[in-house]
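Remarks on the structure that follows.
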């Protein structure tokens, strides 16, 4: 099940409840809704001088104007809704983090809570929120999981003011969208290298964006002098400091490293300038921070090598690991022993080459980049860059202590997955070590198991590059690795990149293996699913048909791969609105279920499991066409068989149970649907983890149920929480994250807040156009949602042309009778009625009624909704007799199909009652 399309709703309008379940088996697991007492404690718990900050820079110099500007931006009165946010942006090394720390320290007494967040690593914001919950509510937090802690912290921030959150080194503005959008009672301070894209998440591109440049000459000299004057206060030294500050371009990082070198070595400034060789340069590198740092670094590193050669080796190894912090125990593995490591760290810290984040060791990204570039440039032919092998071996020894070919230590893998990800992201891509690429694969699978597929991408890229380099691009393992990379691109919302990989890969596999080999069939199946994901459903049908034919010839008509390909083909037909064809394939497959043992040795229970999945998918197809009783009965049978075969807690069992709940939801039995959803949530609390995408899908489904059943407050909270977690887990541009953004807009709309809903609908459309392309089905749905929002505000003149554009594109991309196309045609008809174009409305809605009756059946709620919509046109034209007849027919059908309490039934009953009053008493009402 996916997030539903936004539809017209409300008195006098027809809510066309479009089922988003395509009938396929979808694993759905649980989520946590905070109990009332926890929410109350979030509102009632005070914060008194709660501070979590890195130690401020004791040599902070100048920047008083910038400090004042930050304070002015954050404390200014805001004209409308939104968060008080300041974004410090600038080149690496200009002192953004230093200024943010100084601000937080200077004004800490103005806040009840100040919290520093290293915001560049996966899940960092969510982990910080969880830690805040532990600090503020330690008793309750002791028994809570991280998602509960995160939700509690979000609730706390929503109920309190006078707090400051500092997000350091943000690499993607969209990651902060859920927090800046929902946490508006305090202040947000962001440091980043990025100057663009902040307006897309509601940050004022004028006053809120503060560009930080290098230090002016006077302040730069003052900073450097603060180091030198401790041991040489002469006028000559003062003059030399001014010259050196100018030659270093006022870059604070370079100034601090130069100052640390001078203090440590007691070298004269004149001699240091000579070693840098800057006297001969007529083009100071102040605008090229990497070049500036490289010049300083070369001199500093020579001095470090004299003091402690181990320190140089250690620094080179740290260059390949996570810049946000390397655990001290891993650092110890990079040195001969702990004492040598501690001594080396002391030397490096004295020269300002490293910093500390509590006990973790940090190296500035700019310094890391210079170190890696130098190591790559100087490495001997065929050798690893300096420090690279040591970093790899340290991680391998920690994660796989029994040996590189043995199973990893799961706890260490989970703890160090960020380090492995950094190692993969910096992989030179020109070597091949099976232990290393297997380490990448293990970390990637770990992240995927937690639902963090987006964060696994660099791991799969490194895995793929190493295998192709070492084994060749057409090695069977290389084909598998490349296919896995394509799958991750698809899972992270990049279908075009996935197709760019899979097309050539399929040609390779055809050459290497032939058309009927399982590898080729799997690649073609992936290509088909990618076409379907990007909206090219007819191409998906053609690829599935070709793969099924090849599998039938090579493996046999009853081989499990053949049957699963046919099942996927049925799902693609259903996506095009060919429900009869889809149901026919499913029913035929049930008559040809595989034997208990497959020729390739597939175990019998697995074959039986796939037979149950086919029946599950058939039940979903029945639900899609409105055969609710048949769907529910079949789901109940399949559920019992799943429980007998694999147990009541198996993911497939719970998926089937959740799908049964959705069938009740679609049939209008909202109370039973909610009971089932809650049962699934409770039973799956610890199954895959609270931040797994399936968990978030389950929360989204529950939010949809709450919104459609009138529980707007709960639905709104669930939408907001889901958006926050999907942004952190999947990334801000993942299709499911954008679905959550769209659903949050719908929640605002349902809550009667159009001024909040409309910008969110517009933002969802903009992002989907950028990420998925203008013709993707999800993009077209977003455009339809925006048109619906216009119509809801009475702006039919804006709604109608947008609906027309969407309809034309959907007819071209999806076909004239896909469910989305028919829905848009329905909504265009309703909008035309609102605009007074009754003849066009009548024509459109008559076509929709005929299509839905033929495709879904005359008693499907969508068909009956269309009948009622057509009755409204009769009513608007003054034909009250025709309107009453249409309403009565629609209501009678809805009563039989879904009962009198279904939301559509309630709306139609209200319309019928009003039409009868008007007909029987036509006098104008006051």
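In the numbering used here, the protein residues as written are 39 to 964. Note that beta-carbon positions come from the ideal geometry of N, C-alpha and C, so glycine has one too.
Asked	Found
Integer Cβ distance of residue 278 from residue 311, believed to fall under 8 Å	7 Å
Residue 738 to residue 768 span [Cα, whole Å]	14 Å
Minimum C-alpha distance to residue 81 - residue among 599, 174 and 575	174
Inter-residue spacing [alpha-carbon to alpha-carbon] between residue 432 and residue 479	17 Å
As assigned by DSSP and simplified to three states, the class of residue 560	helix
Helix, strand or coil at residue 393 according to DSSP, with G and I counted as helix	strand
Cβ neighbour criterion (16 or more within 10 Å) applied to residue 181	exposed
Pair within 8 Å by beta-carbon distance, residue 929 and residue 907	no
In chain order, each beta strand (DSSP E) run of at least 3 residues that lies wholly inside the segment 866 to 915	none
Alpha-carbon spacing of residue 780 relative to residue 469, whole angstroms	44 Å
Beta-carbon separation (whole angstroms), residue 154 vs residue 142, contact threshold 8 Å	7 Å
Validate contact between the segment 193 to 206 and the segment 220 to 228 using beta carbons, cut 8 Å, 3 pairs	yes
Cβ separation of residue 415 and residue 424, assumed to be a contact under 8 Å, to the nearest whole Å	Not really, about 10 Å apart at Cβ, beyond 8 Å.
Nearest-angstrom Cβ-Cβ length linking residue 232 and residue 262, presumed shorter than 8 Å	The Cβ separation is near 29 Å, so there is no contact.
Segment contact, 8 Å Cβ cut-off, at least three pairs: the segment 515 to 522 with the segment 530 to 545	yes
For residue 715: DSSP bridge partner residues	Bridge partners of residue 715: none, in fact.
Host beta strand (DSSP E) of residue 621 (start-end)	Segment 617 to 628 is the alpha helix (DSSP H) holding residue 621; no beta strand (DSSP E) there.
Neighbourhood of residue 848 by C-beta, 8 Å cutoff - its chain only, sequence neighbours within 5 removed	815, 818, 856, 858, 859 and 862
Nearest residue (CA-CA) to residue 703, options 714, 693 and 398	714
Check whether residue 300 and residue 335 have beta carbons under 8 Å apart	no
Beta-ladder partner(s) of residue 166, from DSSP	DSSP, once it has assigned bridges, lists no residue as partnering residue 166.
Nearest-angstrom beta carbon gap, residue 437 and residue 447 [assumed within contact, 8 Å]	6 Å
C-alpha distance - residue 830 paired with residue 783, whole-angstrom precision	13 Å
Proximity winner among 553, 509 and 572, relative to residue 529 (alpha-carbon distances)	572
For residue 93, three-class secondary structure by DSSP	coil
For residue 205: DSSP bridge partner residues	155 and 228
Complete runs of the alpha helix (DSSP H) confined to the segment 424 to 471 [at least 4 residues]	426 to 437, 448 to 453 and 455 to 463
Run of the alpha helix (DSSP H) containing residue 351, from where it starts to where it stops	347 to 356
Candidates 919, 872 and 949, of which the one nearest residue 903 by Cα	949
Buried versus exposed call for residue 377 [16 or more other C-beta atoms within 10 Å across all chains shown]	exposed
Pairwise C-alpha distance: residue 698 and residue 890	24 Å
Own chain residues within Cβ distance below 6 Å of residue 614, not counting five before or after	575, 853 and 856
Option in 870, 111 and 827 with minimal Cα separation from residue 125	111
Residue 125 - DSSP class collapsed to helix/strand/coil	strand
The segment 347 to 355 in contact with the segment 371 to 390 per 3-pair CB rule at 8 Å	yes
Residues that residue 247 bridges to, as DSSP identifies them	125
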